[in-house]
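Student: All the letters of the sequence shown, read from the start, carry residue numbers 85 to 427 under the working numbering. C-beta: ideal position from N, C-alpha, C; glycine also.
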Amino acid sequence: MAYEKAKELLDLALLLASSRYGMSATEIEHFLANKGRGNQSSSALIRQRQRMLNQLDELFGPALEMSIDADDGRWRWSLRTKDLANLPLIDPADLAAIEHATQILSRLGDRDSAERLSRINILLQTTLDARRRASFEVDFEALRDSQTIVAQPGPQIEVSRDVEQAVSEAILKGRCLEFVYQNRDQKVRRSVEPVGVLLGPRKYLIARSTNSPEWADANHWRMDKILEPRVSDQPARSMPEGFTLADHARRCFGVFWREEEYQDVEWRFAARAAVSAANWRFHPDQTVEQNSDGSITVRFKASGHYEMAWHLYQWGDAVQVIAPKALAKLVEGYQRADFTALP
Numbered sequence: 085m086a087y088e089k090a091k092e093l094l095d096l097a098l099l100l101a102s103s104r105y106g107m108s109a110t111e112i113e114h115f116l117a118n119k120g121r122g123n124q125s126s127s128a129l130i131r132q133r134q135r136m137l138n139q140l141d142e143l144f145g146p147a148l149e150m151s152i153d154a155d156d157g158r159w160r161w162s163l164r165t166k167d168l169a170n171l172p173l174i175d176p177a178d179l180a181a182i183e184h185a186t187q188i189l190s191r192l193g194d195r196d197s198a199e200r201l202s203r204i205n206i207l208l209q210t211t212l213d214a215r216r217r218a219s220f221e222v223d224f225e226a227l228r229d230s231q232t233i234v235a236q237p238g239p240q241i242e243v244s245r246d247v248e249q250a251v252s253e254a255i256l257k258g259r260c261l262e263f264v265y266q267n268r269d270q271k272v273r274r275s276v277e278p279v280g281v282l283l284g285p286r287k288y289l290i291a292r293s294t295n296s297p298e299w300a301d302a303n304h305w306r307m308d309k310i311l312e313p314r315v316s317d318q319p320a321r322s323m324p325e326g327f328t329l330a331d332h333a334r335r336c337f338g339v340f341w342r343e344e345e346y347q348d349v350e351w352r353f354a355a356r357a358a359v360s361a362a363n364w365r366f367h368p369d370q371t372v373e374q375n376s377d378g379s380i381t382v383r384f385k386a387s388g389h390y391e392m393a394w395h396l397y398q399w400g401d402a403v404q405v406i407a408p409k410a411l412a413k414l415v416e417g418y419q420r421a422d423f424t425a426l427p
């Protein structure tokens, strides 16, 4: 228990030292709640935060700084010290986790991110002193080789470096991006205002067309279909107030987005599938209701009827689409009764 508490204190110190603007009381308590073992009351989290900040104050003195955020008036804590740089903060499990993340990104076709992670892994290993390196490498290799990534079917599509670099440059500089888009049977020249990138089996550029009104929503462009990218000198307009890439992604089931399909979704899973379905996270904002007959009802709001239909097929006749009606019609006749296993 003493070791766990010391590790939590060290992890908090690292967060405070790495945070540019410091952390608020709420953010520290959120970190402690995620670290906690079991549910903790808000009052217990407040006491834990106060205790740990007092301990850091005793350890680091004036290096633990408090300041008031000019925007919201809340206190923020930060740690301005170089002492942590001399501690052996990396363990073999950290590098093994980076190695596995590198493999996942590589299989997703995100070559650039995979190579960057691999480089970070190498750089971290160079920080080890010679006395620890031999035993460290043995443990790292044992952990790395004891786990492997499950091979799953799906698209294996790589995006060209030119496209990756042009998209990143346009986003960072706040400029428009021009390119030729390879549609089904034709090539179309486009000019867009990039917002960000959705990562998954395929990479999608989220961007608004430059000829769209300022209030218009963003569209999705498959990055492997982008040709001849060029960052223009034209500044990109800001998206409507309140827009965030994370919120936009939550409006999609997977990556499919169509404004007219953004509706309330309701699926009822039969009692025989209830346990399996209850363990699934179909959407970040889903709610699950237990029904009196043993079935469960899952509700959320999203777009992407085709991707929903492809997913629902594997549940056979163990799921009923209550809403939207267009999705219910799309899966009608394709709900098999002879599947002997559930996803």
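Residues in the same chain with beta-carbon distance under 7 Å from residue 397, minus the five sequence neighbours each way, listed in chain order, please.
Tutor: As a first step, residue 397 is located in the sequence shown; it is residue number 313 there, counting from the start. Result list for residue 397: 418, in chain order.
Student: Could you tell me whether the stretch 148-161 touches the stretch 100-109, using the rule of 3 or more Cβ pairs below 8 Å?
Tutor: Counting Cβ pairs under 8 Å, three or more are found: they touch.
Student: In whole angstroms, what separates the C-alpha of residue 183 from that of residue 395?
Tutor: Against the sequence shown, residue 183 aligns to sequence position 99. Against the sequence shown, residue 395 aligns to sequence position 311. So the alpha carbons of these two residues sit roughly 30 Å apart.
Student: Apply the 10 Å Cβ neighbour rule to residue 129 and answer buried if 16 or more other Cβ atoms are within range, or exposed otherwise.
Tutor: Walking along the sequence shown from the start, residue 129 turns up at place 45. Residue 129 is buried by the Cβ-count criterion.
Student: Which complete beta strand (DSSP E) runs does the stretch 301-364 hold, if anything under 3 residues is left out?
Tutor: For the stretch 301-364, the continuous beta strand (DSSP E) assignments of 3+ residues that do not extend past its boundaries occur at 303-306, 310-319 and 347-353, in sequence order.
Student: Starting from the C-beta of residue 377, find all residues in its chain whose C-beta is less than 7 Å away, skip the five residues before and the five after it, and write them out in chain order.
Tutor: Start at 1 with the first residue of the sequence shown, and residue 377 comes out as number 293. Correct list, in chain order: 355.
Student: Check residue 110 in the structure and name its three-state DSSP category.
Tutor: The sequence position of residue 110 within the sequence shown is 26, counting from 1. Correct three-state label for residue 110: helix.
Student: Ignore the nearest five residues each way along the sequence and tell me which others in residue 141's own chain have a CB closer than 7 Å to its CB.
Tutor: Here the question's residue 141 lines up with position 57 in the sequence shown. The residues are 148.
Student: Near residue 312, what residues of its chain come up, given a Cβ to Cβ distance below 7 Å and the 5 sequence neighbours on each side ignored?
Tutor: Walking along the sequence shown from the start, residue 312 turns up at place 228. The residues are 263 and 264.
Student: Within the present structure, is the beta-carbon of residue 235 separated from the nearest heavy atom of the ligand MG by less than 8 Å?
Tutor: The ligand content of the structure shown is nil, which means the ligand MG is not present either.
Student: List the whole-angstrom C-beta distance separating residue 357 from residue 323, where the pair is believed to meet the contact cut-off of C-beta under 8 Å.
Tutor: Within the sequence shown, numbered from 1, the residue matching residue 357 stands at position 273. Within the sequence shown, numbered from 1, the residue matching residue 323 stands at position 239. Contact flag wrong, Cβ pair sits at about 40 Å.
Student: Residue 85 to residue 94, Cα distance in whole Å?
Tutor: Position 1 of the sequence shown, counting from 1, holds the residue named residue 85. Position 10 of the sequence shown, counting from 1, holds the residue named residue 94. With a pLDDT of only 41 at residue 85, under 50, the local geometry of the prediction cannot be trusted, and no value is derived from it.
Student: Report all residues from its chain with a CB closer than 7 Å to the CB of residue 241; omit the five preceding and five following residues, and keep chain order.
Tutor: Position 157 of the sequence shown, counted from the start, is the residue given in the question as residue 241. Within the same chain, residue 241 has close Cβ partners 193, 286 and 308.
Student: I'd like the list of long-range same chain contacts for residue 258, defined as Cβ closer than 7 Å, with 5 residues on each side in sequence excluded.
Tutor: Locating residue 258 in the sequence shown gives position 174, where the first residue counts as 1. So the qualifying residues of the chain are 319 and 320.
Student: Spell out the partners DSSP gives residue 257 in its beta bridges.
Tutor: Position 173 of the sequence shown holds residue 257. DSSP output for residue 257 lists no bridge partner at all.
Student: Rounded to a whole number of angstroms, what is the C-alpha to C-alpha distance between residue 353 and residue 197?
Tutor: Along the sequence shown, read from residue 1 onward, the residue named residue 353 stands at position 269. Along the sequence shown, read from residue 1 onward, the residue named residue 197 stands at position 113. Using only the alpha carbons, I get a separation of about 38 Å.
Student: May I have the straight-line CA-CA distance separating residue 174 from residue 96, to the nearest angstrom?
Tutor: Translated into positions along the sequence shown, residue 174 becomes position 90. Translated into positions along the sequence shown, residue 96 becomes position 12. Those two C-alpha atoms are separated by around 15 Å.
Student: Can you grab the Cα-Cα spacing for the pair residue 153 / residue 100, in whole Å?
Tutor: Residue numbering aside, residue 153 sits at position 69 when the sequence shown is read from its first letter. Residue numbering aside, residue 100 sits at position 16 when the sequence shown is read from its first letter. When rounded, the distance between both Cα atoms is 15 Å.
Student: By DSSP's criteria, residue 265 is part of a beta bridge. Which residues make up the other side?
Tutor: To locate residue 265, count along the sequence shown from 1; it is residue 181. Residue 265 pairs with 272 and 310.
Student: With 16 other CB atoms within 10 Å as the buried threshold, where does residue 407 fall?
Tutor: Translated into positions along the sequence shown, residue 407 becomes position 323. The residue in question, residue 407, is exposed, as its Cβ has fewer than 16 Cβ neighbours within 10 Å.
Student: Enumerate in chain order the residues of its own chain whose CB-to-CB distance from residue 188 is below 8 Å, with the five nearest sequence positions on each side excluded.
Tutor: Residue numbering aside, residue 188 sits at position 104 when the sequence shown is read from its first letter. The residues 233, in chain order, have a CB closer than 8 Å to that of residue 188 in the same chain once the five nearest residues on each side in sequence are set aside.
Student: State buried or exposed for residue 272, treating a residue as buried only when at least 16 other CB atoms are found within 10 Å of its CB.
Tutor: Here residue 272 refers to the residue found at position 188 when the sequence shown is read from its first residue. Label assigned to residue 272: exposed.
Student: According to DSSP, is residue 247 part of a helix, a strand, or is it coil?
Tutor: Reading the sequence shown from its first residue, position 163 is the one you call residue 247. Helix at residue 247.
Student: Once you ignore the five residues that flank residue 389 on each side, which residues in its own chain have a CB closer than 7 Å to its CB?
Tutor: Looking up residue 389 in the sequence shown gives position 305. Within the same chain, residue 389 has close Cβ partners 345, 410, 411 and 414.
Student: Could you tell me which residues DSSP puts in a beta bridge with residue 279?
Tutor: For the purposes of this step, residue 279 is taken as residue 195 along the sequence shown, with counting starting at 1. Residue 279 pairs with nothing; no bridge assigned.
Student: Assign residue 56 to buried or exposed, taking buried as 16 or more other Cβ atoms, counted over all protein chains shown, within 10 Å of its Cβ.
Tutor: Residue numbering for the chain in the displayed model covers 85 to 427; residue 56 lies beyond these limits and cannot be assessed.
Student: Could you round the C-beta distance between residue 251 and residue 282 to whole angstroms and report it? I think they count as a contact, below 8 Å.
Tutor: One-based indexing of the sequence shown puts residue 251 at position 167. One-based indexing of the sequence shown puts residue 282 at position 198. With a contact defined as Cβ atoms closer than 8 Å, residue 251 and residue 282 miss out at about 12 Å.
Student: Residue range of the alpha helix (DSSP H) that residue 415 falls in?
Tutor: Here residue 415 refers to the residue found at position 331 of the sequence shown. First-last of the alpha helix (DSSP H) with residue 415: 409-415.
Student: Applying the 10 Å Cβ sphere with the 16-neighbour rule, what's the burial state of residue 247?
Tutor: Reading the sequence shown from its first residue, position 163 is the one you call residue 247. So residue 247 counts as buried.
Student: Among the residues of its own chain, which have a CB less than 7 Å from the CB of residue 235, if the five just before and after it don't count?
Tutor: Taking the sequence shown and counting its residues from 1, one reaches residue 235 at position 151. Excluding positions up to five away in sequence, the list is empty.
Student: Rounded to whole angstroms, what is the Cα-Cα separation between residue 334 and residue 305?
Tutor: On the sequence shown, residue 334 is found 250 positions in, with the first residue counted as 1. On the sequence shown, residue 305 is found 221 positions in, with the first residue counted as 1. Their backbone Cα atoms lie some 17 Å apart in a straight line.
Student: Residues in the same chain with beta-carbon distance under 7 Å from residue 379, minus the five sequence neighbours each way, listed in chain order, please.
Tutor: Residue mapping note: residue 379 aligns to position 295 of the sequence shown, counting from 1. Correct list, in chain order: 352, 353, 354, 355 and 358.
Student: So, is residue 222 buried or exposed, given that buried needs 16 or more other C-beta atoms within 10 angstroms?
Tutor: Working through the sequence shown from its first residue, we reach residue 222 at position 138. Under this definition residue 222 is an exposed residue.
Student: Would you report the Cα separation of residue 391 and residue 339, rounded to the nearest angstrom?
Tutor: One-based indexing of the sequence shown puts residue 391 at position 307. One-based indexing of the sequence shown puts residue 339 at position 255. One C-alpha to the other measures close to 8 Å.
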